[in-house]
Amino acid sequence: MKKKIGVYICHCGANIADHIDVEKVRESIASDEVVFLSRTTMFACSDSSQKDMVDDIKKQELDAIVVASCSPKLHLQTFRNVAVRGGLNKYNYVQVNIREQGSWAHSDTPAAATEKAIQLVKAGIARVIESQELTPLKIEAHNKVAIIGAGVSGLRAAVELADMGTHVDLIEREHFIGGRVSQWGQLFVSEKNGEEIVKKLYETVIDHPMITLYTGTELIARSGSVGNYNLQLKITPRFVTQECKIGAFDKAIEICPVSVDDEFNFSLNKRKAIYKNYESEFPHIAAIDMLNCTKCGKCLEVCNSINLNQEILIENITVGSILLSTGFDPYEPSENEFSYKTIDTVITLQQFKRLVELSPNKLIYRDKEIKTIGFIYCVGSLQIKGDNKYCSRYCCTSAIHTAIQIHRKYNIKSYHMNRGIRTYGKQELLYTESSKNGDVYVEFDPKKEPIISKNGKQTIIKVVDLLTAKEELDIPVDLVVLVTGMVPRKDNSIADILKVPIGRDKFFNEIHPKLRPVETVIDGVLIAGACQSPKNITESLKSSLAAASKANSLISKGEIELEPTLAVIHIAQCDWCGKCADACPFGAILKTSIDGKEVAMVNNANCKGCGMCLPVCPTDAIDLIGYTNREIESMIDALID
Amino acid sequence: MSETTKNTAIKVLVFSTEKISDPAIDLAGLLKLHYPPTVYVIPLPCSSAVKPKWILRAFEKGYDGVFIAADGTDCSFSESCVEKTSDIIAQTHILMKEKGISPAKLKMAAICSVCAEPFVKHMNNFVEELTRNKIN
Amino acid sequence: MPETTVIKKQYDALVIGGGIAGGEAALNLANMGFSVVLVEKDLSLGGKMIHLSKVFPTLDCAACITTPKVSETARHPNIKIYTYSEVKNIKKQSDKLFTATVFKKPRYVNEDICTGCEDCENACPVIVEDQYQHDLVGRKAVYIPFSIANPRVANIDMDNCILCGACEKACLAEAIDFTQVIQEIPIEFKAVIVATGYDMFDPKKLPNYGFEQNKNVVTAIQMERQLVPTRPFNSVLRPKDGKMPNNIAYVLCAGSRDETVGNPICSQICCMYSIKQAQLIMGALPMADVTIYYLHIRAFGKGFNEFYQQARSMGVDFVKGKVAKITEKENGNLIVRFEDVYKGKVKEAEHDLVVLSTGILANKGIVELFPGLNLETDPFNYVKQVKELENPSQTSIPGVFVAGTASGPMDIPDSILSAGAASSETASYIRRLS
Amino acid sequence: MAKINPEFLDELKKYGGNDFSACYNCGNCTAICSLSTEDNSFPRMMVRASVVGLEEKVTSSLDPWLCYYCGDCSLYCPRGANPGELMMALRRWLTAKYDWTGLSGLLYKYLPATILAFVLTALAVIGLAIKLNFEMETIMHYGHLFEMFAILGVFMVILTPNLIRMWYLVIFKPKRNIPIAVYFKGIGELFIHMFTQKRTLGCSNSQTRWFEHLILVFGYLTLLFTTVVLDWFGTENFFIIALGYIESAVVFIVTAHFMYSRVNKDKELNKHSQPSDWLFVIWLFLMGFTAFVVRLFIDFDLLAANFWLYLLHITILVQWAVLIVPFGKWTHFLYRSFAMYFSSIIQLSQETKGK
Amino acid sequence: MASNKTKTLNLVKDKIQVSEQAKQRRKTYSAMKKQILAALEEGPMTLPELAKATQLPINEVTYYLMTLRKYGDVKTGEIDDNDEFFYYELKKQQNHGED
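Residue numbers (my numbering), protein chains in the order written: chain A, 35 to 675; chain B, 18 to 153; chain C, 5 to 438; chain D, 68 to 422; chain E, 249 to 347.
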């Protein structure tokens with residue numbers, strides 16, 4: 035059967051046409067006998083072009099179409115829909131990438147780029163001839179989302195999804211929820227502090243019948259795919275079954291002999307093995323840190339809600355989609371980076387913010403009252419030598435906001451050693467306010483970093499100020515605060531488990547920053563908040579809400595349409611050897627018997643269309659729909675023709 | 018002029034993967050990183066799906082080299098992908114030897130979803146190497 | 005689109021503004037199964053973004069991203085669209101229901117029949133400054149707004165029409181209809197998303213830059229048009245005399261971070277769009293030098309700083325200092341006076357084209373859409389997010405949400421996220437009503 | 068390596084420098100200033116030094132004196148940091164810095180001290196008058212004597228040492244080695260600027276401002292000469308009498324206009340008047356006005372009956388001579404001229420070195 | 249058919265006032281068009297040359313020439329030897345139907 039094929043070649047404005055002779059490409063394929071019509075178009079994706087294509091398909095009764103334009107990653111769906119509107123099966127469409135892999139990659143050699151485009155279009159035509167009509171697979175979707183990370187992003191997304199009628203399993207690795215925001219006090223743009231924001235979200239979550247909260251829980255394995263993910267959770271007990279009586283808890287802390295660095299306060303102080311990060315923390319039950327607990331049993335004597343014999347539980351859950359809101363870690367300066375850890379008056383911004391939280395009246399650090407502070411910006415961001423080339427976005431504003439707070443609270447004057455203040459948008463007002471308070475902003479050359487030294491009890495920052503035509507300044511301060519940026523979580527094992535792609539910055543990567551900013555290439559796995567890139571709280575919330583709506587529209591209908599890319603067995607050629615079944619990572623190939631012959635059979639629900647079974651078959655009895663021998667071979671031939 | 022290049026240029030067939038290495042190849046274009054225009058890409062779902070017979074067919078048809086832009090450890094289907102792709106290469110190498118095709122004409126490397134620069138480097142080196150071998 | 009138009013009076017949500025934020029919000033809601041009415045005051049959907057060349061930091065073309073979204077929105081069975089229309093008188097009928105009136109302005113062209121063939125445009129004898137090319141070139145009194153407009157239909161600019169009838173004669177489809185009048189369509193809905201976008205700062209308010217008198221001083225949006233495939237000139241050229249520029253200056257913070265013009269906040273996008281344009285210019289005019297006069301480079305988003313560094317390595321000259329004065333020379337070249345802040349010295353430099361990277365301002369008049377309801381704004385007239393750290397899209401009126409730059413300066417990724425958040429909050433609000 | 072003085076910013080606020088810490092160093096002020104040149108760029112660097120606390124840099128700088136306060140920098144400052152007013156404050160601060168007695172600083176910083184000083188001088192004059200039993204002849208004689216001695220005294224005891232201090236701070240201490248010959252070469256500048264203030268003409272605003280200033284300076288100096296040397300109040304010479312009338316009229320009319328501008332705040336430079344600015348114009352006005360009326364009364368033989376008028380005049384004169392001239396804004400006249408002089412010899416010496 | 253064609257305009261012609269501005273715009277455009285096209289009859293010209301030839305302010309010539317270019321009366325030629333100004337020439341009236 036001969037097909038009537040329509041071919042469209044896109045100028046993409048100048049993107050393609052500047053380097054590829056689009057008309058020549060059209061001419062060279064127009065004569066092909068299967069090509070019923072061929073056209074060039076300024077923007078194939080524009081509405082009017084799409085409309086023209088639909089008209090063509092209908093009026094000329096085309097059997098299949100080829101569009102040579104940009105990467106299929108952008109517009110495969112667009113033109114498949116065109117095919118459908120024209121009355122075709124959407125798989126009778128092939129997209130040829132002559133932009134990313136044509137005009138742009140070979141803008142240096144236009145003639146050769148044109149040649150390549152011709153070959154690519156020919157291959158596309160060859161492939162579309164072999165294309166079959168297919169119906170998408172429909173799979174059942176669980177209307178439930180697993181949210182990993184119960185910081186504000188995760189909490190907010192949970193509430194939103196639950197309100198939209200989707201069940202949520204909210205999974206937090208720590209024993210307490212609230213993430214980073216619970217560590218900050220006064221927040222920018224709000225009268226509320228971090229604790230209050232977290233409290234409100236927690237109360238909504240805990241009361242919501244659609245949300246199940248898991249604390250001390252880690253995701254350790256996953257199987258399945260979109261609509262039907264099976265997750266294995268490891269739940270570490272808190273060893274405290276209900277809240278100890280008020281006096282009893284204090285006593286338990288008092289007698290606990292273990293003392294470890296308090297990570298919640300960034301090691302500014304120590305905590306015991308039985309602990310709460312702050313008085314009103316959520317959930318309201320203390321936890322015992324079993325990594326450090328010596329099981330001495332002393333606490334058992336004062337609080338009878340403690341049970342040191344609780345065991346780790348493994349639980350399996352099934353969800354339709356997974357939302358990652360695992361947040362960030364503050365950058366930890368290496369030893370001696372700006373004298374960190376070598377001079378005792380050098381601390382990080384995160385430590386400093388905790389210090390401010392813990393110091394109600396006077397700011398005292400290491401027994402000395404602090405009167406002046408030097409902030410050093412871009413520590414761990416915009417690195418010249420290190421790997422972190424990116425801007426951490428939130429730190430300028432955060433440091434300046436803190437400077438305003440401490441000016442108000444303790445009348446502290448601050449010096450800001452920066453590399454160009456980036457208080458974008460309305461945050462600029464904070465920069466203005468701080469300047470008006472008399473805070474001094476010193477700009478330094480990243481190649482000439484400030485040097486911190488100590489002269490007796492006095493800490494001195496030596497810095498070359500670009501704004502004073504490179505005057506070298508000696509600034510005496512009481513405390514140096516390193517404005518450390520955001521880095522991805524140190525323990526990012528979740529990325530390995532879920533196969534989420536990691537970007538240049540090592541944060542999770544979205545599909546497209548503008549088109550699909552909260553989705554990943556793994557279907558059904560979404561990302562929100564600072565795990566995607568540095569963000570402030572508002573921005574994190576926005577992305578988590580956006581992710582919530584994507585998750586909801588993906589799974590709430592109860593079923594999901596999937597690509598019908600499946601393996602098929604040609605029974606006649608199959609002599610069951612089992613190699614394909616061994617190769618399949620999803621256990622989708624089984625032995626069956628047809629008319630007495632032992633052959634392989636594909637379980638469509640499990641087949642993910644990876645094609646791993648194809649090369650192992652000794653008799654070449656397996657094809658992958660959409661990538662059949664005929665399709666691939668016709669392309670191989672056409673490309674060199 | 019294009020006619021002459023067409024006949025003498027080194028032609029390379031690349032099997033890429035839709036979710037991992039193909040985005041990197043697209044990215045190379047986006048960043049205007051140049052590699053020889055006689056490199057043609059056929060994307061598959063996974064690099065472990067390349068049939069040796071396709072590779073052999075490519076050589077038969079006159080390609081000078083075949084490159085598999087593998088998923089490597091980034092594969093979203095299975096961790097065994099690296100191993101499986103290597104097996105395919107090893108198996109094909111044997112078949113190539115039987116047919117008297119130099120094993121140097123088939124190469125693979127893991128190309129991550131943002132490995133645009135490594136991809137371009139691989140292509141330039143591969144084509145250069147193939148050119149050298151062809152002349153010699 | 006005839007296949008989807010079912011006129012329905014009652015909707016779940018009204019989206020005001022058909023730019024990238026409004027479109028995304030409407031699409032999200034429609035995909036969740038809600039019915040949406042979208043009202044756009046301009047002739048086409050796509051807002052500001054559809055007119056851009058390429059977008060930072062990925063440098064993919066704006067049209068390629070916008071047009072599919074726009075057509076998806078336009079075709080969606082759950083979305084009713086009114087372009088060239090204004091919604092007014094949004095009132096609360098009850099706690100659960102709003103009412104309003106859509107004023108559909110006459111195009112004097114029947115949208116359903118017009119094929120966008122441009123025959124009328126070619127026949128028209130009147131030339132008016134083309135607002136979609138920011139006055140760099142003319143258009144006719146009857147015109148298709150721009151090539152990728154959606155809907156791509158003609159419109160008669162009655163203020164400049166001489167009623168010669170040439171268009172009506174030329175139109176084979178008989179789509180011209182001078183008898184059209186403003187249509188009033190009452191609508192009802194449960195929630196509103198305000199996605200009215202922003203306004204560009206008017207550089208005439210900076211007398212020292214002499215915009216308008218100095219013809220070779222252009223705004224960044226004019227330069228943006230010069231860089232798209234459907235550009236006003238045959239290349240990037242000076243608007244005064246068509247000379248190909250080879251020494252271009254960008255003046256950042258023109259109308260932003262400036263108390264003298266009442267806009268002390270940072271517009272958040274100008275640094276990046278200027279850096280992007282600089283890169284595009286270096287591609288389009290390989291011999292050109294580009295200098296960017298800046299105060300602070302706000303390259304804060306994902307991949308932004310890398311993009312900035314890329315521009316530096318391409319040879320874009322970054323000079324710290326605010327340009328204080330621009331004066332034109334006889335030959336059309338421009339002298340900019342500034343302090344080279346790192347050197348601490350006043351300098352004058354000659355450029356043959358100066359681009360003002362103008363800031364953005366709130367779109368005024370949103371408050372008036374809600375008579376009797378108190379829609380609060382911030383001191384800069386942006387819609388106030390009353391619970392920014394809880395429900396970032398919530399405004400002071402229950403049921404009214406804000407998306408995109410209506411609430412403050414934002415780049416495209418942030419607008420998309422903001423629209424996502426707004427649709428999400430709107431969806432749960434509507435669900436809570438029932 | 069520069070030491071910084073963290074208190075400097077707050078200190079300058081007492082001299083009337085407000086808002087300047089809002090500066091974000093865009094350089095707009097320097098670029099908009101019509102007097103700023105590549106070799107001599109200001110005022111941003113002064114704003115910067117003031118914010119950071121680089122006191123030495125300010126002390127050794129002549130920039131504040133080179134500014135004639137057209138107000139453009141403040142008008143167009145995107146952050147409302149008011150650099151023009153800071154330059155004004157720096158001139159006050161420098162005046163205090165040059166003044167060896169320390170009284171300048173006291174008067175600038177504390178308004179009550181200023182008021183007290185004015186009251187005390189007034190009381191001293193009245194006390195003297197009482198002691199002299201209000202004898203008109205004697206008092207007028209003493210008044211005339213006072214004028215002569217005050218001028219000489221203030222010059223010798225206060226202003227000359229202060230000028231030497233200024234030289235020390237801006238030339239000697241920063242080790243700007245200037246050959247003696249250059250000092251002579253540049254002396255012309257000193258007088259040209261002292262009498263013409265021609266630099267103001269470079270300012271963006273008006274020529275009228277320069278003209279007003281010019282005739283005020285001439286009016287004031289010649290009035291001084293006419294009263295002190297030509298004994299205006301005592302003379303019978305018609306020509307001298309007429310001259311005195313004109314000169315005093317010029318002084319009070321121009322100052323009256325100045326006061327009107329300050330009240331209306333019509334220009335940027337008039338928006339932020341400090342007490343010292345007000346005192347300067349008001350007293351100058353009163354001096355001219357009372358002198359005019361005193362002579363008028365003499366001519367109409369009314370003075371004897373209205374002796375209080377002369378007392379008022381002499382009180383104002385004394386306050387002017389012992390407070391405003393040595394410690395107040397009057398010194399600007401001197402320091403500005405010397406600043407231009409120093410600046411030109413610094414430049415000259417650099418040019419010679421360059422060769 | 250033909251009689252129907254001006255129908256809607258005739259219905260409103262008396263009701264709508266044509267603005268002076270619109271009339272002026274039409275006049276200016278046709279005058280500019282005439283002068284520019286006439287000058288280009290002599291051969292391709294750059295904008296400064298065209299301004300000289302027409303004795304019109306160069307910025308207006310640029311604006312109208314670019315408009316004429318947009319509507320297909322003029323096309324772009326080569327760039328001059330200094331790589332500064334393009335030559336513009338008349339577009340030969342060709343038969344329609346081509347893309």
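Even glycine gets a Cβ: it sits at the ideal position worked out from N, Cα and C.
What does the alpha-carbon distance come out to for the pair His-51 (chain B) and Asn-141 (chain B)?
In the second sequence, the residue the question calls residue 51 (chain B) occupies position 34. In the second sequence, the residue the question calls residue 141 (chain B) occupies position 124. Approximately 9 Å between the Cα atoms of the pair.
For Lys-282 (chain E), which residues in chain C fall below 7 Å Cβ to Cβ?
On the fifth sequence, residue 282 (chain E) is found 34 positions in, with the first residue counted as 1. Correct list: empty, because the minimum Cβ distance to chain C is about 12 Å.
Please state whether the Cβ-Cβ distance between Glu-667 (chain A) and Ser-165 (chain A) is less than 9 Å.
Counting from one through the first sequence, the residue named residue 667 (chain A) turns up at place 633. Counting from one through the first sequence, the residue named residue 165 (chain A) turns up at place 131. No, Cβ-Cβ distance for Glu-667 (chain A) and Ser-165 (chain A) is not below 9 Å.
With Ile-205 (chain A) and Ala-175 (chain A) assumed to form a contact (beta carbons below 8 Å), what rounded beta-carbon distance in angstroms separates them?
Within the first sequence, residue 205 (chain A) is the residue found at index 171, counting from 1. Within the first sequence, residue 175 (chain A) is the residue found at index 141, counting from 1. That pair is no contact at about 19 Å.
Can you give the Cα-Cα distance for Lys-289 (chain E) and Asp-328 (chain E), rounded to whole angstroms?
As a position in the fifth sequence, residue 289 (chain E) is number 41, starting the count at 1. As a position in the fifth sequence, residue 328 (chain E) is number 80, starting the count at 1. The sequence as given places Glu at residue 289 (chain E); Lys does not occur at that position. About 19 Å.
How many whole angstroms separate the CB atoms of Tyr-399 (chain A) and Leu-389 (chain A), which I take to be in contact at a CB cut-off of 8 Å?
By 1-based counting over the first sequence, the position of residue 399 (chain A) is 365. By 1-based counting over the first sequence, the position of residue 389 (chain A) is 355. Yes, Tyr-399 (chain A) and Leu-389 (chain A) are in contact; Cβ-Cβ is about 6 Å, under 8 Å.
What does DSSP give as the partner residues of Cys-44 (chain A) in its beta bridges?
As a first step, residue 44 (chain A) must be located in the first sequence, where it is residue number 10. A:Thr-75, per the DSSP bridge assignment.
Please classify Asn-252 (chain E): does DSSP put it in a helix, a strand, or coil?
Sequence index remark: in the fifth sequence, residue 252 (chain E) carries index 4 (1-based). Note that Asn-252 (chain E) scores 48 on pLDDT, short of 50, meaning its location in the model is unreliable; the coordinates nonetheless yield the value given after this. It is helical.
To which residues of the same chain is Phe-205 (chain C) closer than 6 Å at the C-beta, ignoring the five residues directly before and after it?
Here residue 205 (chain C) corresponds to residue number 201 of the third sequence, with the count starting at 1. Gly-259, Thr-362, Gly-363 and Leu-365, listed in sequence order.
In the structure shown, what three-state DSSP assignment does Phe-136 (chain B) receive?
By 1-based counting over the second sequence, the position of residue 136 (chain B) is 119. Three-state result, Phe-136 (chain B): helix.
Three-state secondary structure (DSSP) at Ser-487 (chain A)?
Sequence index remark: in the first sequence, residue 487 (chain A) carries index 453 (1-based). It is a strand residue.
With a 10 Å radius around its C-beta and 16 neighbouring C-beta atoms as the bar for buried, classify Phe-367 (chain D) as buried or exposed.
Taking the fourth sequence and counting its residues from 1, the one referred to as residue 367 (chain D) is at position 300. That one is exposed.
Anything in chain C within Cβ reach of Lys-340 (chain E), meaning under 7 Å, just list it in chain order.
On the fifth sequence, residue 340 (chain E) is found 92 positions in, with the first residue counted as 1. Going along chain C, no residue has its Cβ under 7 Å from Lys-340 (chain E), so there is no contact; the nearest lies around 17 Å.
Are there 16 or more other CB atoms within 10 angstroms of the CB of Gln-84 (chain A), so buried, or fewer, so exposed?
Numbered from 1 along the first sequence, position 50 holds the residue referred to as residue 84 (chain A). Counting Cβ neighbours within 10 Å, Gln-84 (chain A) comes out buried, since at least 16 surround it.
Using the DSSP secondary-structure output, state which residues sit across from Phe-322 (chain C) in a beta bridge.
Taking the third sequence and counting its residues from 1, one reaches residue 322 (chain C) at position 318. Answer by DSSP bridge pairing, in chain order: C:Ile-296.
At a threshold of 8 Å, does Thr-112 (chain A) count as lining the ligand ATP (C-beta to nearest heavy atom)?
Summarising the ligand content, the structure contains no ligands, and the ligand ATP is consequently not present.
Taking the alpha carbon of Leu-265 (chain A) as the point to measure from, which residue in A:Arg-214, A:Ile-351 and A:Ile-670 has its own alpha carbon closest?
Along the first sequence, one-based indexing puts residue 265 (chain A) at 231. Among A:Arg-214, A:Ile-351 and A:Ile-670, the Cα nearest to that of Leu-265 (chain A) belongs to A:Ile-351.
When we look at the beta-carbon of Ser-419 (chain C) and count the other beta-carbons within 10 Å, is it buried (16 or more) or exposed?
Against the third sequence, residue 419 (chain C) aligns to sequence position 415. Ser-419 (chain C) should be labelled buried.
Please report the straight-line C-alpha distance between Ala-270 (chain E) and Ala-145 (chain C), rounded to a whole angstrom.
As a position in the fifth sequence, residue 270 (chain E) is number 22, starting the count at 1. As a position in the third sequence, residue 145 (chain C) is number 141, starting the count at 1. Cα to Cα, the separation comes out at about 9 Å.
Where Val-29 (chain B) and Thr-71 (chain C) are concerned, what is the direct C-alpha to C-alpha distance, given to the nearest angstrom?
On the second sequence, position 12 is the one that residue 29 (chain B) refers to. On the third sequence, position 67 is the one that residue 71 (chain C) refers to. Between Val-29 (chain B) and Thr-71 (chain C), the C-alpha separation is close to 35 Å.
To the nearest angstrom, report how far apart Thr-143 (chain A) and Cys-44 (chain A) are at their CA atoms.
Looking up residue 143 (chain A) in the first sequence gives position 109. Looking up residue 44 (chain A) in the first sequence gives position 10. Taking the straight line joining both Cα atoms gives about 19 Å.
Hey, quick one: how far does the alpha helix (DSSP H) through Asn-92 (chain D) stretch, first residue to last?
Reading the fourth sequence from its first residue, position 25 is the one you call residue 92 (chain D). Taken as a continuous stretch (DSSP letters only), Asn-92 (chain D) belongs to no alpha helix (DSSP H), as it is neither H nor E.
Look at the alpha carbon of Ser-257 (chain A) and the alpha carbon of Lys-642 (chain A), and state the distance between them as a whole number of angstroms.
If you number the first sequence from 1, residue 257 (chain A) lands on position 223. If you number the first sequence from 1, residue 642 (chain A) lands on position 608. About 12 Å.
Look up Val-294 (chain A) in the DSSP assignment and give the residues it is bridged to.
Counting from 1 along the first sequence, the entry for residue 294 (chain A) is found at position 260. Answer by DSSP bridge pairing, in chain order: A:Arg-305.
Of the residues that make up the segment 83 to 106 of chain D, which ones have a beta carbon closer than 9 Å to any beta carbon in chain A?
Answer in chain order: Asp-86, Ser-88, Ala-89, Cys-90, Tyr-91 and Asn-92.
In this structure, how does DSSP classify Thr-9 (chain C) when only helix, strand and coil are distinguished?
Working through the third sequence from its first residue, we reach residue 9 (chain C) at position 5. Since pLDDT at Thr-9 (chain C) reaches only 45, below the 50 mark, its modelled position is unreliable, and the value read off the structure follows with that caveat. Note: Thr-9 (chain C) maps to coil in three-state DSSP.
With a threshold of 8 Å, are at least 3 pairs of Cβ atoms found where one atom belongs to the segment 252 to 267 of chain D and the other to the segment 408 to 420 of chain D?
Touching, yes, given that three or more Cβ pairs across the two stretches are closer than 8 Å.
Opposite Gln-266 (chain A) in the DSSP bridges: which residues?
The sequence position of residue 266 (chain A) within the first sequence is 232, counting from 1. For Gln-266 (chain A), which the question treats as bridged, DSSP gives the partners A:Ala-255 and A:Asn-350.
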